Amino acid sequence: MALLEIRDIHTYYGAIHALRGVTMSVEEGEIVTLIGSNGAGKSTTLRTISGLLRPRQGEIHLRGKRIDGLRPHEIVELGVCQSPEGRRVFARMTVHENLEMGAFSRREKVPTADYDRVYDLFPRLRERTAQRAGTLSGGEQQMLAIGRALMSAPKVLLLDEPSMGLAPILVEQIFTIIKTINESGTTVLLVEQNALMALGIANRGYILQSGEIVLTDTAAVLAGNEAVQRAYLGGD
Amino acid sequence: MEQILQTIIIGLSNGLIFALVALGYTLVYGIIELINFAHGDLFMLGSFIAFVLISSVFVITADTPLTLMVAQIALIIAITMIATAAINLSIERVAYKPLRNAPKLAPLISAIGMSFVLQNIALLIFGPANKSVNAILPSVNILSAVGITGVTISAEQVFVAIVTIPLLIALTWFVNKTRQGRAMRATAQDPDTAGLMGVNVDRTIAITFLIGGALAGAAGVVQILYNNTSVWNLGFRFGLNAFTSAVLGGIGNLQGAVLGALVLGLINAFSDRYLAANWTNAIVFAVLIGILVFKPTGLLGQQLADRA
Ligand SMILES: Nc1ncnc2c1ncn2[C@@H]1O[C@H](COP(=O)(O)OP(=O)(O)O)[C@@H](O)[C@H]1O
Ligand SMILES: [Mg+2]
């Protein structure tokens, strides 16, 4: 049974039919990437999984339990946490308070070791625990957004364009860290426009176009696919 | 000099009452960016609920023994706070929640509608004339007891401070130190992301209305024991002052609302005393327009409200 399974979901913004039957699955332990150009419906897919949008049709299952129709806070409690597009850190809270917010869904006392894990992954954040998140650089905010999502101890981590707007060297760093997070046991669904980097660390990928999955395969095969190279990898 | 001091004392007492109402505006604006026009009228209903409790249920008079009176007033405050909290929660359910995803103008118009509804409920039950209670708090001058003359602090003014200041402190503690307070601050900054972190956003908004309503109820009790009278359109004057306080302090900003309310209380007292009472509303309006034109973020900035 797949850890996360999305079956034929249709999501609308008013009259706009943004997702036209998206079907995909994520197995335990994988990094799966969802690739598509701007406006393809990648964020809409993640927002639908997280319960911020309700699909008008279709089903979403987490380990066989149906989660579409649940509200966002209920979905986090079940172990699906998202780092949204554009980072969306709580600008007026400190770095540490942001991490505390990340752990909000956990009722138990959160062990310091969990904070240390995030600070070990992102040493830059440790130097800035008491700094307001709004004053961090873009790269630091991205680290904080990922760290915050990790604080919920998710089974599946949804990442919406973590490389957006970052300098190439930072992008490299972030992708290495995503790989590390995955290796320590967290399943990842990674949304990216930066297809080359995403396919570099993923096991499998889906190509989304105008709200529909047009292609899926292992990351290696997709990276070698001519059409994919033309459309998303900038090759010719 | 003594007259000025006296006016300041009156102004600060007014200001503390405004503060309780202003916090309701600012909390709700902070969290859903709605100017809850019905909030002043909720305060008015609170003062009528207290009126009924004082004059018909507990029948408190100036002759009631002090300890009994204190217990009864505490009970009246509690009952009124619960009642106005429940009313405010219902208003949110009926008038605002269904419009959560509608354009911003829709809940605003709904709020104006709720304001009329509450005023008309008061008109229907209590009629158009002022309703008064007898002054029940002992008329002593606290300062003369310690040998200061020329300036008066009445028992009523002490009562205002005893009720309002702990509530202001409790609210600050709640918002800054509790789990639910953290949920409120996160929701105020970014409701979607708060939801993604596990905050029950609907419940957090409901709790915000609950707290705002309770504070308005407490203000209503304090108001009627301080001024001894209430009327169906009382919410307009207090609402105008409290809303202006919230805007002056930086709407969405809790400390700002309290600061703004104290300033507005002083403006009212000085205008009543040195200009003319019937000019006071016009002056408050002028202050409101002045802030909106020259410093729309208020004195302390729009803390809860501004988004990344
Ligand atoms: N809030 C919204 N209201 C209306 N249309 C939207 C909204 N958000 C996204 N869309 C539309 O839905 C489609 C998919 O958007 P999105 O999921 O953000 O794409 P991506 O993340 O792949 O860039 C686009 O055509 C976009 O214009
Ligand atoms: Mg997107």
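Taken in sequence, the protein lines are chains X and V. Going by my numbering, the residue at position 167 of the first sequence is 167; the numbering climbs one at a time, nothing skipped. Going by my numbering, the residue at position 217 of the second sequence is 1217; the numbering climbs one at a time, nothing skipped. We put the CB at the ideal spot given by N, CA and C, even for glycine. All values derive from a computational prediction rather than experimental measurement.
Please report the straight-line C-alpha distance between residue i and residue j, rounded to a whole angstrom.
i, j, result
"Met1197(V)", "Arg47(X)", "13 Å"
"Arg126(X)", "Leu144(X)", "10 Å"
"Met1(X)", "Leu19(X)", "24 Å"
"Ser1132(V)", "Trp1232(V)", "12 Å"
"Val1222(V)", "Asn98(X)", "39 Å"
"Gly185(X)", "Gly134(X)", "30 Å"
"Gln57(X)", "Asp8(X)", "7 Å"
"Leu4(X)", "Gln142(X)", "24 Å"
"Arg63(X)", "Asn1241(V)", "55 Å"
"Ser1271(V)", "Leu53(X)", "52 Å"
"Leu1264(V)", "Val89(X)", "35 Å"
"Ala1194(V)", "Leu1099(V)", "20 Å"
"Phe1043(V)", "Arg132(X)", "36 Å"
"Val80(X)", "Gly1290(V)", "48 Å"
"Leu1108(V)", "Ile75(X)", "31 Å"
"Leu1288(V)", "Phe1243(V)", "9 Å"
"Leu170(X)", "His96(X)", "22 Å"
"Pro111(X)", "Phe1285(V)", "53 Å"
"Met151(X)", "Glu77(X)", "12 Å"
"Thr1229(V)", "Gly41(X)", "60 Å"
"Ser163(X)", "Ala198(X)", "10 Å"
"Ser137(X)", "Gly1250(V)", "27 Å"
"Pro55(X)", "Gly211(X)", "13 Å"
"Ala1206(V)", "Gly1212(V)", "10 Å"
"Lys1097(V)", "Pro123(X)", "42 Å"
"Ala231(X)", "Gly21(X)", "22 Å"
"Ser1115(V)", "Ile1121(V)", "10 Å"
Are the C-beta atoms of residue i and some chain X residue less than 7 Å apart?
i, result
"Ala1305(V)", "Because the pLDDT of Ala1305(V) is 42, which lies under 50, any placement of that residue in the model is unreliable, and the number read from its coordinates should be weighed accordingly. Not an interface residue."
"Asp1190(V)", "yes"
"Thr1193(V)", "yes"
"Ala1308(V)", "With a pLDDT of only 32 at Ala1308(V), under 50, the local geometry of the prediction cannot be trusted, and the value read off the model is given with reservation. So yes, Ala1308(V) belongs to the interface."
"Leu1196(V)", "yes"
"Ala1106(V)", "no"
"Asn1200(V)", "yes"
"Ile1251(V)", "no"
"Ala1074(V)", "no"
"Ala1186(V)", "yes"
Of all the CB atoms in chain V, is at least one closer than 7 Å to the CB of residue i?
i, result
"Pro154(X)", "no"
"Phe122(X)", "no"
"Arg132(X)", "no"
"Phe240(X)", "Because chain X in this structure spans residues 1 to 236, residue 240(X) falls outside the shown range and cannot be described."
"Met143(X)", "no"
"Gly235(X)", "Residue confidence is low: Gly235(X) scores 45 on pLDDT, short of 50, so the model does not pin down where it sits. No coordinate-derived value is stated."
"Leu166(X)", "no"
"Pro55(X)", "no"
"Ser105(X)", "yes"
"Val32(X)", "no"
"Pro111(X)", "no"
Leaving out the 5 sequence neighbours to the left and right, which residues in its chain are closer than 6 Å to residue i when beta-carbon positions are compared?
i, result
"Met1081(V)", "Ala1214, Gly1217 and Ala1218"
"Glu85(X)", "Ser43, Asp160 and Glu161"
"Glu216(X)", "Here the sequence assigns Thr to residue 216(X), which means Glu is not the residue at that position. So the list reads Tyr206, once near-sequence residues are dropped."
"Ile1283(V)", "Ser1271"
Since residue i contacts residue j with CB under 8 Å, what's their CB separation in whole angstroms?
i, j, result
"Gly147(X)", "Leu166(X)", "Their Cβ separation, rounded to whole angstroms, is 15 Å, which puts Gly147(X) and Leu166(X) out of contact at 8 Å."
"Asn38(X)", "Gln229(X)", "Not quite, the Cβ-Cβ distance comes to about 18 Å (not below 8 Å), so this is no contact."
"Ala1095(V)", "Ser1110(V)", "5 Å"
"Arg1273(V)", "Thr1007(V)", "5 Å"
"Asp1041(V)", "Leu1123(V)", "Not confirmed; about 11 Å, so no contact."
Which same chain residues, not among the five before or five after residue i, have their C-beta less than 8 Å away from its C-beta?
i, result
"Gly200(X)", "Phe175, Ala219 and Ala223"
"Thr94(X)", "Thr129, Ala130, Gln131, Arg132 and Ala133"
"Gln1003(V)", "Arg1273"
"Ile1169(V)", "none"
Going along the chain, which residues of its own chain have a beta-carbon closer than 7 Å to the beta-carbon of residue i, five neighbours each way excluded?
i, result
"Phe1058(V)", "Gln1072 and Ile1076"
"Trp1279(V)", "Ser1271"
"Ile1112(V)", "Phe1037"
"Leu1005(V)", "Val1151"
"Glu30(X)", "Thr187, Asn203 and Arg204"
Just to check, is the beta-carbon of residue i closer than 6 Å to a non-hydrogen atom of ligand 3?
i, result
"Ser1047(V)", "Questions concerning ligand 3 fall outside what the structure shown contains, since the ligands it does hold are ligand 1 and ligand 2."
| query | Do the stretch 1136-1143 of chain V and the stretch 1235-1242 of chain V make contact, defined as three or more Cβ pairs closer than 8 Å? | reply | Between the stretch 1136-1143 of chain V and the stretch 1235-1242 of chain V there are fewer than three C-beta pairs closer than 8 Å, too few to call the two in contact.
| request: Check whether the stretch 1198-1209 of chain V touches the stretch 70-87 of chain X, counting contact only when three or more Cβ pairs, one atom from each stretch, lie closer than 8 Å. | output: They touch, by the three-pair rule.
| For the stretch 1215-1229 of chain V against the stretch 1043-1061 of chain V, are there 3 or more C-beta pairs whose distance is under 8 Å? | yes
| request: Specify whether the stretch 203-221 of chain X and the stretch 24-36 of chain X touch according to this definition: at least 3 beta carbon pairs, one from each stretch, less than 8 Å apart. | output: Cβ pair count under 8 Å is three or more, so yes.
| Three or more C-beta pairs below 8 Å linking the stretch 1090-1098 of chain V and the stretch 1015-1025 of chain V | Not touching, per the Cβ criterion.
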